[in-house]
Every structure is written in C-alpha cells, then in structure tokens.
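Sequential numbering from 1 applies to the sequence shown in the UniProt record's numbering.
We treat Cβ as the ideally placed atom computed from N, Cα and C, and that holds for glycine.
The structure under discussion appears below in the form of structure tokens.
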Amino acid sequence: MMTMQNRTQTPFRIERALVSALMDEDSPRPNRRTGAGHPGAEKGPTPRAVVNCGWGRLLFANTFPDVGELIAAMRQEGPGRRDIALYLEDPHVALAQAPTELFLDPSHTYRLRLAGFRPGGETRGFSIERLRGRQDVDAVNRIYGARGMVTMDPEFCWSERDSRVLTHLIATDPVSGAVIGSVTGVDHARAFKDPQNGSSLWCLAVDPQAAYPGIGEALVRALAEHFKERGRSFMDLSVLHDNANAIALYEKLGFRRVPVFALKTKNPINEKLFAGPAVEASLNPYAMIIINEARRRGIGVEVVDAESNLFRLSFGGRSILCRESLSELTSAVALFRCDDKAVTRRTLLRAGLSVPDQMTADGMDDNAAFLERHGSVVVKPARGEQGQGITVDVRDAETLAWAVGKAKKICETVLLEQFVQGQDVRILVIDYRVVAAAVRRPAEIVGTGERTISQLIEAQSRRRAAATGGESRIPMDEETERCVRDAGFTMDSVLPEGQTLAVRKTANLHTGGTLHDITDRLHHRVVEAAVEAARALDIPVVGLDLLIPDLMGSDYAIIEANERPGLANHEPQPTAERFLDLLFPYSAVDPRA
Numbered sequence: 001m002m003t004m005q006n007r008t009q010t011p012f013r014i015e016r017a018l019v020s021a022l023m024d025e026d027s028p029r030p031n032r033r034t035g036a037g038h039p040g041a042e043k044g045p046t047p048r049a050v051v052n053c054g055w056g057r058l059l060f061a062n063t064f065p066d067v068g069e070l071i072a073a074m075r076q077e078g079p080g081r082r083d084i085a086l087y088l089e090d091p092h093v094a095l096a097q098a099p100t101e102l103f104l105d106p107s108h109t110y111r112l113r114l115a116g117f118r119p120g121g122e123t124r125g126f127s128i129e130r131l132r133g134r135q136d137v138d139a140v141n142r143i144y145g146a147r148g149m150v151t152m153d154p155e156f157c158w159s160e161r162d163s164r165v166l167t168h169l170i171a172t173d174p175v176s177g178a179v180i181g182s183v184t185g186v187d188h189a190r191a192f193k194d195p196q197n198g199s200s201l202w203c204l205a206v207d208p209q210a211a212y213p214g215i216g217e218a219l220v221r222a223l224a225e226h227f228k229e230r231g232r233s234f235m236d237l238s239v240l241h242d243n244a245n246a247i248a249l250y251e252k253l254g255f256r257r258v259p260v261f262a263l264k265t266k267n268p269i270n271e272k273l274f275a276g277p278a279v280e281a282s283l284n285p286y287a288m289i290i291i292n293e294a295r296r297r298g299i300g301v302e303v304v305d306a307e308s309n310l311f312r313l314s315f316g317g318r319s320i321l322c323r324e325s326l327s328e329l330t331s332a333v334a335l336f337r338c339d340d341k342a343v344t345r346r347t348l349l350r351a352g353l354s355v356p357d358q359m360t361a362d363g364m365d366d367n368a369a370f371l372e373r374h375g376s377v378v379v380k381p382a383r384g385e386q387g388q389g390i391t392v393d394v395r396d397a398e399t400l401a402w403a404v405g406k407a408k409k410i411c412e413t414v415l416l417e418q419f420v421q422g423q424d425v426r427i428l429v430i431d432y433r434v435v436a437a438a439v440r441r442p443a444e445i446v447g448t449g450e451r452t453i454s455q456l457i458e459a460q461s462r463r464r465a466a467a468t469g470g471e472s473r474i475p476m477d478e479e480t481e482r483c484v485r486d487a488g489f490t491m492d493s494v495l496p497e498g499q500t501l502a503v504r505k506t507a508n509l510h511t512g513g514t515l516h517d518i519t520d521r522l523h524h525r526v527v528e529a530a531v532e533a534a535r536a537l538d539i540p541v542v543g544l545d546l547l548i549p550d551l552m553g554s555d556y557a558i559i560e561a562n563e564r565p566g567l568a569n570h571e572p573q574p575t576a577e578r579f580l581d582l583l584f585p586y587s588a589v590d591p592r593a
C-alpha cells in the first residue's frame with residue numbers, strides 16, 4: 001500500500017467475477033468458521049488471526065468470532081504503529097460500537113487472480129532479491145520515511161527474514177548496491193490456513209530519488225510470481241482511493257477492485273485519513289507540510305492567499321502569518337541579507353566564515369581576468385531563486401559571455417564566483433539549531449540501451465514531478481543541452497544500458513536535483529559554522545547551501561542562504577515539527593530538553 005499523488009475517484013466497477021469478493025468463482029462459498037470450501041482447509045482457519053508486520057499488525061477480521069473481540073484487539077495497537085483490520089464484513093457495526101476510536105479506511109481493495117497472471121520481462125538496470133543484511137532494513141526504512149510511511153522495527157524485520165508468512169523483496173542498484181525499492185507480501189494460507197488460499201501485498205515503496213524506470217511494477221510482478229509459485233489463488237492490496245499513479249499501475253497489471261473494507265484506529269499517524277478534507281489542496285508541498293503538522297497539533301489554519309502559499313496560523317491567542325517557511329518572525333533586514341547574494345557573502349565573511357571569492361561581472365577584461373585567476377567559475381544573478389539563471393563550472397570566455405547574458409535575464413546585477421569543488425549540501429537551521437542536512441545531487445539519467453537521452457530526461461522528469469508534488473522537473477533548455485554536449489552526446493543519442501549521465505551541473509531541487517539525508521554525518525565544525533551563519537544573518541529559519549569537499553571533514557564554503565527554505569524532502573528529519581516548535585513552543589507534542 002503506497003500513497004502517491006491525488007486522483008479523482010474511479011468508478012466502482014463490480015464485475016461478475018468480483019461479486020463473490022472473498023471466494024473463488026469455481027468453488028462454493030467457504031464457511032468462515034469451518035473453513036470448508038478449499039482443499040487442505042478441513043480444520044478451518046486459525047481463529048483471531050493476527051500477523052505482526054513490523055510497522056503494525058494485520059488483523060484478519062473474518063477470523064474473529066464477533067466484532068467486539070476485533071475492537072478489543074484493535075485497542076492493543078502499539079505506540080507509533082499502524083494496525084489494519086482487513087476483510088471486515090460488518091463495518092457499520094464496528095463503527096457504531098467504537099465511533100471515537102475507529103474509522104473506515106478510505107482505501108480500495110484490489111485483487112489479482114494469479115491463475116491467469118503472466119510473468120513480465122527482465123528488469124533493466126536493477127535487481128529484485130531478498131533482504132541481504134541488516135543494513136537493507138535500514139535502507140528500506142529510509143525509503144519509508146521519504147514516502148511518509150510508518151517504519152519497521154529493524155530487529156523484528158531481520159529476525160523474520162526467513163518467515164514462511166512474511167516475504168520481503170527489495171530492488172537494488174547493481175552498481176552501488178543501494179536499496180531503491182521494497183515490497184512486503186503476506187501468505188494468508190500460512191498465516192491462518194486461509195480457506196480462500198490467498199495472499200496480499202503491502203508497503204510497496206520506491207526511492208523517490210531512484211533514476212531507474214519500472215521499479216514499482218517489477219516489485220509487484222516479482223511478488224505475484226512468488227505467490228503463484230506457492231500455489232496461491234490471488235493477491236490482494238489496499239490503495240488510497242485518490243492514489244492515481246498506483247491505481248493506474250495495478251489496473252495495468254490486471255488487478256480488479258473488490259468490495260472489501262479495512263478498519264484503522266484514530267491515531268496521529270492516521271489523522272489525515274479521518275480528519276476531513278485537507279486545507280486548500282492547491283497549496284504546494286512546502287506549505288502543506290507545515291499546515292498538516294499544524295492541524296495535527298490543533299493549531300488553527302486560515303489560508304489567506306492560496307496562489308502565493310500564504311496562510312495564517314493561530315494558537316493560544318498568538319497568530320503568525322507565513323509564506324511556506326518564511327514567517328513574520330523573519331525581519332525585513334534578514335530577508336534582504338539573504339535575498340542579495342553579494343550581501344550574504346559580505347555578511348558571512350565579516351563573521352569569519354568560509355566563503356568563495358566573488359566579484360560583480362563588469363567588463364569583458366575584468367571577467368576574463370577573474371576566470372583566468374580561478375580556472376573555473378560560477379555565474380549567477382545577484383538576486384533570484386530555484387537555480388534560475390545559474391551556470392556552474394564555466395571554463396572559457398565564450399561560455400562565460402553566454403552565461404552572463406543568461407543571468408542578466410533574471411537580474412541586472414550578475415556575480416562571478418570562484419568554483420569550489422565539493423559536495424553540494426543544504427543545511428536547514430531553525431531557531432539556531434541544525435535540524436536537517438542533505439547532499440544535493442544534480443539530475444541524472446540511467447541508460448537503457450534503447451531510449452534516447454531526450455526520452456530518458458522526459459521520463460525521469462515525470463518521476464521527479466510525481467515524487468515532489470510537481471515541484472521538481474528537469475528543464476529541457478540550453479543548460480541541459482550544454483551538459484549533455486560536454487559529456488560527448490546529443491539529445492538524440494541512445495545512452496548505453498547502465499550508463500549514468502548527469503544532465504545538470506546545479507543540484508537545485510526545482511531543476512530535477514535529489515536530496516540525500518546526511519544530518520548525522522556532519523562534522524561538528526560544519527554544524528557550528530551553520531549556526532554561526534544563521535546568527536550573523538540574524539534569521540530564525542534559513543537554508544544554507546555549502547560546498548563540502550569531504551562530508552566527514554571540517555572544510556566547507558558557504559555559497560548561499562535561503563530565507564524561505566523548503567521543509568519538505570528532508571525526510572526523516574522533523575523539519576515541520578521544529579518549525580512549529582519555534583512559532584508555537586507550547587504546542588510541541590514532545591518538547592525539547
């Protein structure tokens with residue numbers, strides 16, 4: 001079960017084959033208490049069947065003798081876990097008995113009949129396999145965190161790696177060995193002697209940074225083939241009713257909707273599913289991550305101007321106007337210091353922090369002299385955001401002149417900056433504490449041996465947009481063409497299978513870049529420098545862009561400061577939580593020491 005992007009609810013197409021819901025069409029309807037109706041089920045299903053999945057429990061409601069016992073079992077949900085009661089026959093009765101504790105999950109159940117399922121082709125560029133080691137569980141949890149899913153208990157997951165009930169499959173990058181996707185399967189026959197001889201798919205998740213196409217489809221196919229080989233009759237899954245991309249994938253693979261219901265508890269994890277319509281869904285992800293956390297805490301939300309992502313938060317007599325992470329707590333002077341990149345550099349330089357050499361682009365001779373002195377430069381508008389007008393690693397006079405002209409389209413004042421080698425790192429500082437840090441990597445594609453570079457860029461851009469709510473796309477512009485050309489290709493070239501190609505020099509999220517969390521790996525001196533920079537700028541919330549040669553080392557160069565940093569895409573760090581702690585300290589669920 002995976003939550004992706006919103007869609008309009010699809011019609012409930014009940015075919016003749018689906019009316020039977022939990023039964024095979026060619027067998028009599030089984031007795032849920034005796035288990036009659038399937039070979040090998042003479043002893044009947046296991047009563048009160050519960051399967052621990054590591055992130056919570058699956059309660060098979062059709063094995064409980066009455067609703068009261070099911071409700072009692074649901075009340076045993078552990079903290080930070082998400083229990084699901086599936087195959088609920090009388091949802092109205094359960095809700096009537098515990099209306100303040102339980103809710104009906106707004107998800108559809110889809111079923112794949114395995115008898116007619118045909119295996120797909122070979123995967124290209126990645127592998128599907130079982131868990132290889134404990135580190136894989138941590139990698140899967142990182143993907144879950146990036147997808148807003150409940151993480152697994154690592155010890156439980158690893159101890160159950162050879163379970164006959166649970167099956168964990170992962171997609172791996174054969175070059176780096178990194179885990180880029182995961183899916184879990186539950187064998188109903190082995191879990192509770194299911195008279196229907198079924199199975200189910202859970203927690204399909206793909207790394208939003210993955211460059212390979214078709215990872216989710218390959219994982220679903222692999223799990224279906226696994227259960228088919230075991231002789232199972234079907235594989236079920238549950239998917240949110242508005243999850244457009246996932247539903248399209250499942251229907252493409254032959255899944256059909258069945259009238260099956262699931263029950264969940266009203267806990268903070270599930271709140272967005274039962275708290276009513278979201279506030280102004282047209283706001284971007286950077287505003288919504290704050291609004292959703294505010295609603296969870298009981299903070300009032302008033303959308304002032306959806307088009308500009310402007311909203312007001314109110315709590316305990318205090319009211320603060322915000323535009324995403326820019327609030328009334330940030331002064332106009334602090335905003336000015338960050339808005340003008342030349343002022344930012346001078347402010348940080350006076351504070352004794354490391355910054356690259358810089359000059360204002362002037363005459364051709366002075367520009368050429370600066371380029372000759374440093375060998376490679378960055379050209380950027382003095383004012384601007386989201387990577388607009390920036391050209392990185394300029395090495396010749398012709399490209400320099402072109403880059404200056406491009407930057408002037410964004411801002412009349414253009415800066416030339418010493419190109420510093422290093423990893424591009426974004427550090428988020430809130431209330432003068434480092435809350436998150438991530439390596440930002442430029443957009444890249446992986447060759448299939450069949451598609452052109454242009455086609456690969458378009459496909460990767462669609463995936464990045466889907467993973468970020470439309471905020472991240474790879475522009476098909478002169479800068480992308482320059483990067484491709486510098487690598488020895490054209491946009492119509494067919495990139496060899498497995499070859500990786502960076503198609504942008506800048507790692508900005510809005511131009512297709514990806515973020516990879518390194519919060520716990522920063523050198524203490526870099527952490528201290530980030531806090532000192534925030535204090536020098538006198539700004540309570542700031543995103544600092546640094547170049548760091550060695551992520552474990554103390555060397556750094558601060559190149560920019562963003563007064564309105566995006567709080568999304570920094571999972572698993574609690575960015576929105578710390579932002580609201582700053583705005584409304586007494587609303588904190590877990591106050592800091």
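Review point. Which one or two residues does DSSP pair with L88 in a beta bridge?
Key: According to DSSP, L88 bridges with nothing at all.
Point to revise | Straight-line Cα distance separating E481 from P80 | key: Reading off the sequence, residue 80 comes out as Gly, not Pro. Taking the straight line joining both Cα atoms gives about 47 Å.
Check your understanding: Where do the ends of the alpha helix (DSSP H) carrying I247 lie?
Key -> 244-252
Review point. Is DSSP giving L400 helix, strand or coil here?
Key: helix
Check your understanding: Which value, in whole angstroms, describes the spacing of the CA atoms of T514 and T575?
Key -> 17 Å
**Study point:** Residue span of the alpha helix (DSSP H) that contains V140, given as start and end
**Key:** 134-146
Exercise for review: Within the same chain, show all residues whose beta-carbon is closer than 7 Å to that of Y586, passing over the 5 residues directly before and after it, in chain order.
Suggested key: G316
Check your understanding: Within 10 angstroms of its Cβ, does S159 collect 16 or more other Cβ (buried), or is it exposed?
Key -> With fewer than 16 Cβ atoms within 10 Å of its Cβ, S159 is classed as exposed.
Practice item. Kindly indicate if chain B contains any beta-carbon less than 9 Å away from that of G231. Key: Absence of chain B from the displayed structure is noted, only one protein chain being present.
Review point. Which whole runs of the alpha helix (DSSP H) in the stretch 292-369 are 4 residues long or more, in chain order?
Key: 332-339, 341-350
Check your understanding: How big is the Cα-Cα spacing for R318 and Y556?
Key -> 39 Å
Review point. I think S199 touches V186, with their Cβ atoms under 8 Å apart; what is that distance to the nearest whole Å?
Key: With 8 Å as the limit, S199 and V186 qualify as a contact, their Cβ atoms being about 6 Å apart.
**Study point:** When I71, R337, A436 are compared against T519, the one with the closest alpha-carbon
**Key:** A436
Review point. Do P45 and D236 have their C-beta atoms closer together than 9 Å?
Key: no
Exercise for review: Determine the burial state of L112: buried for a count of at least 16 other Cβ atoms within 10 Å of its Cβ, exposed for fewer.
Suggested key: buried
Check your understanding: For A467, which residues from the same chain have a beta carbon less than 6 Å from its beta carbon, with the 5 sequence-adjacent residues on both sides left out?
Key -> P208
Check your understanding: F261 lies in the beta strand (DSSP E); which residues open and close that run?
Key -> Where F261 is concerned, there is no enclosing beta strand (DSSP E), given that its DSSP letter is neither H nor E.
Point to revise | For A171 and G37, the rounded distance between their alpha carbons | key: In this predicted model, G37 has a pLDDT of only 37, less than 50, meaning its place in the structure is not dependable; the value taken from the coordinates is given anyway. Spanning the alpha carbons of G37 and A171 requires a straight line of approximately 37 Å.
**Study point:** Between the CA atoms of T360 and S147 - distance to the nearest angstrom
**Key:** Note on identity: in this sequence residue 147 is Arg, with Ser being the wrong assignment. Pairing R147 with T360, the inter-Cα distance amounts to about 42 Å.
Exercise for review: Please report how far the alpha carbon of E385 lies from the alpha carbon of A191, in whole angstroms.
Suggested key: 54 Å
Check your understanding: Using the rule of at least 16 other Cβ atoms within 10 Å of the residue's Cβ for burial, across every protein chain shown, is G375 buried or exposed?
Key -> exposed
Review point. Going by DSSP, what residues sit across from E427 in a beta bridge?
Key: It is worth fixing the name first, because residue 427 is Ile in this sequence and not Glu. Its beta-bridge partners are A437, L544.
Check your understanding: When DSSP labels each residue in this structure, what does W55 get in the three-state scheme?
Key -> coil
**Study point:** Residue span of the alpha helix (DSSP H) that contains K228, given as start and end
**Key:** From DSSP, the alpha helix (DSSP H) with K228 extends over 215-229.
Check your understanding: Going by the CB atoms, is the gap between L102 and residue 594 shorter than 9 Å?
Key -> Residue numbering for the chain in the displayed model covers 1 to 593; residue 594 lies beyond these limits and cannot be assessed.
**Study point:** Same chain, Cβ closer than 8 Å to S107, neighbours up to 5 away in sequence not counted
**Key:** The answer, listed in chain order, is M1, S238, V239, L240, H241, A262.
Review point. What's the C-alpha gap between F255 and T265?
Key: 27 Å
Exercise for review: Please report how far the alpha carbon of G177 lies from the alpha carbon of L169, in whole angstroms.
Suggested key: Straight-line Cα distance between these residues: approximately 14 Å.
Review point. In the structure shown, what three-state DSSP assignment does A561 receive?
Key: strand
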